[in-house]
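Everything on this sheet refers to the single structure shown next.
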Amino acid sequence: MRKAMTRGGLIACIAALLLTEPLAAQPDHWADWGEPTPGPAKVIGTHAAGCLAGAEALPLDGEGYSVMRPSRRRNFGHPSLIAAIEELARGAQSIGWPTLLVGDLTQIRGGPMKSGHRSHQSGLDADIWLTPKPSPLPAGAWRENYSAISVLTADRSAIAQTVWTERHAALLKTAAEIPAVRRIFVNPVIKQELCRTAGDERAWLSKVRPWWGHHFHFHLRLACPAGEADCVDQPLPDPGDGCGADLAWWFSEEAEEAAKGPPPDPVTLADLPEACRPMLAGE
Ligand SMILES: [Zn+2]
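Per this note's numbering, the very first residue in the sequence shown carries number 160; after that it's consecutive.
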């Protein structure tokens, strides 16, 4: 026979639930939050020290794209980022890129990640693979296991002509021409290839900036959305195609030395704007 709970016992039980529920919902790390903060989307801080309220999820499959590594739970962004990826996926279809593979965006509340990125904190950054979706799909958990293919040679000194195609260049141009996109980061060798092959129409090249790595994927960064007063933008890239001295530096001894330097200190909660702290720490 089930023992009926006394009225007092029931009240105590509810009280205990009310007391423990907020603690139970607070994760050890902000990467583990289960839900976005309620309310409208809002970017707080910079791409590399910030957070995101009211994040939107990028569905795992949409018209012309698929999301990779969903177990990382980094497929969240500001609605303007979700819209830009959808726009890029449609543009990719129109240049004959099979299907876009999308890597990390932002955590469900933004903020620093446990691994992998310095930026991607405020809901305005996304990694897009330079490898299209394979067809037929590999067997098994392909989203978690399939690897991107570098577009550079094994020593990273040149474009791998067996991998790189005109469609890679067209995809980067399509991305750069999305008005909301502020910058795109690619490996210096990729930028060099774009500079060499772009022809007369070069305005889009100013958004495509060299950075270390970025030969398996490129990084798409949006400007602050209109009206977001707490969003801090990176200054505009220098005007011009960025194919001159800017690019040459990346092939200098100085750049080689800089690459060997110690990694920057990790960003902690204390480095973030005040408004991020309760959102991430659950205070
Ligand atoms: Zn990135």
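The beta carbon of each residue, even a glycine, is placed where N, CA and C say it ideally should be.
query, result
"Contact set for E180: own chain, Cβ-Cβ below 6 Å, skip 5 residues either direction", "Residue placement at E180 cannot be trusted, given a pLDDT of 36 that sits under 50; what the coordinates show is reported in the next sentence. For E180, where only same-chain residues beyond five positions count, there are no Cβ hits under 6 Å."
"Any non-hydrogen atom of ligand 1 within 7 Å of H237 CB", "no"
"Where T196 falls, given that 16 or more other Cβ within 10 Å makes a residue buried", "buried"
"Reduced DSSP secondary structure (H/G/I, E/B, other) of W288", "strand"
"Buried versus exposed call for W408 [16 or more other C-beta atoms within 10 Å across all chains shown]", "exposed"
"Closer than 7 Å: H279 CB and nearest ligand 1 heavy atom", "yes"
"Beta carbon nearer than 5 Å to a non-hydrogen atom of ligand 1", "D286 and H378"
"Length-filtered (4 minimum) alpha helix (DSSP H) runs lying within the segment 335–389", "347–356"
"L296 - DSSP class collapsed to helix/strand/coil", "coil"
"According to DSSP, residues forming a beta bridge with S225", "D220 and L260"
"Coarse secondary structure for E416, derived from DSSP in three states", "helix"
"Outcome for E416 when other beta-carbon atoms lying within 10 angstroms are tallied against a minimum of 16", "exposed"
"Beta-carbon proximity list for Y224, same chain, < 7 Å, skipping 5 on both sides", "I244, A248, T258, L259 and V261"
"Start-end ranges of the alpha helix (DSSP H) lying completely within the segment 304–336, minimum 4 residues", "325–335"
"Sufficient close CB pairs (3 or more, under 8 Å) joining the segment 285–304 to the segment 221–239", "yes"
"Collapsed DSSP secondary structure at I254 in the structure displayed", "coil"
"8 Å Cβ cutoff met for D286 and H374", "no"
"Short Cβ contact (8 Å threshold) for H206 with Q393", "yes"
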